[in-house]
Amino acid sequence: MRLSSLMGLRVIYVLTHDSIGLGEDGPTHQPVETLASLRALPNHNVIRPCDAVETAEAWECALAEARTPTSLVLTRQGLPTLRTTPEDENLVGKGAYVISDCNGERDITLLATGSEVHLAVEAQAALEDDGIKACVVSMPCWELFEQQQSDYRDQVLGTAPRLAIEAAVGFGWEKYTRGPNRFIGMHGFGASAPAPELFKHFGITTDAIIAKVKEIVN
């Protein structure tokens, strides 16, 4: 991976084990540090799609690169399709975009990737019932997002407080969350158990997102 990035080769890497969602295989097979490590590589796009639509768009983005390798970081567990309305453009190509907006001014922006995007969308609905307006941003590729115009980046991120959700270590998220303790994810190695139990054990759940948002907003 490092050499293809250094040499500017259009290589596509498909990673099939992206988080603690691997479950029973345990911490030796749960790459909690991989996303942060790959994102540190210069000239390397790391894309973690949230559903089948984003995966197809990610593949198109990878093929469109001339001198940049791409890592497609996929889940083992099944995920719901969140994008059901056809779009005229490849949104993954933007790096990040609003996948579920709120009505009116945001109280908080939820930044998520991969399998955690649907958790953010679920939390958004529950928060709305409590009068808290959350905007959900799917952020599949930091590198492509940084290539966008500053006006677009500012529009997507907004001015409200931000909370990042990702089933990996949080290294690097501070530049988007603008402060400490604005991350829900892993803070160490995983464990061996069914995936739903692991997500609950490590606090990567809809309820955890709701509780953290209320703590931040209030």
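Position one of the sequence shown corresponds to residue 1 (UniProt numbering), numbered consecutively onward.
Where a beta carbon is used, it is the ideal one built from N, C-alpha and C, also for glycine.
Please classify residue i as buried or exposed, where buried requires at least 16 neighbouring CB atoms within 10 angstroms.
i	result
LEU63	exposed
GLY170	buried
ARG2	exposed
MET139	buried
THR28	exposed
GLY131	exposed
SER71	buried
LYS214	exposed
residue 287	Because the chain in this structure spans residues 1 to 218, residue 287 falls outside the shown range and cannot be described.
ALA58	buried
ALA168	buried
What does DSSP give as the partner residue(s) for residue i in the beta ladder?
i	result
SER150	The partner list for SER150 (beta bridge, DSSP) is empty, contrary to what the question assumes.
ILE108	ALA134
ALA164	LEU111, PHE183
ILE204	The partner list for ILE204 (beta bridge, DSSP) is empty, contrary to what the question assumes.
ILE12	THR70
ASN45	THR70
VAL169	MET186
TYR97	SER138
From residue i to residue j, what distance separates their C-alpha atoms?
i	j	result
CYS135	ILE210	13 Å
ARG10	PRO42	14 Å
ASP107	LYS175	19 Å
ALA126	GLU166	19 Å
GLY104	VAL121	17 Å
GLN124	LYS133	7 Å
ARG153	SER5	25 Å
VAL14	ARG48	10 Å
TYR97	LEU144	11 Å
SER115	LEU79	7 Å
LEU111	VAL137	5 Å
ARG39	GLU128	33 Å
PHE183	GLU24	25 Å
VAL217	GLN155	20 Å
ARG83	ILE99	8 Å
GLN148	THR81	26 Å
HIS187	GLY203	11 Å
PRO31	THR113	15 Å
ALA208	MET7	42 Å
GLY26	LEU35	18 Å
residue 236	HIS201	No information on residue 236 is available, as it lies outside the stretch 1 to 218 that the chain covers here.
PRO69	PHE189	28 Å
HIS118	THR206	9 Å
GLU65	SER37	21 Å
Quick one: does residue i have its CB under 9 Å from some CB of chain B?
i	result
ARG178	Included in the structure is just one protein chain, with no chain B present.
Does the segment 179 to 190 come into contact with the segment 148 to 168, if we say contact requires no fewer than three beta-carbon pairs (one atom in each stretch) closer than 8 Å?
These segments touch.
Would you say the segment 191 to 199 touches the segment 143 to 161, given that touching needs at least three Cβ pairs under 8 Å?
no
Contact the segment 49 to 66 vs the segment 84 to 97: 3+ CB pairs below 8 Å
yes
Does the count of Cβ pairs from the segment 14 to 33 and the segment 74 to 83 closer than 8 Å reach three?
yes
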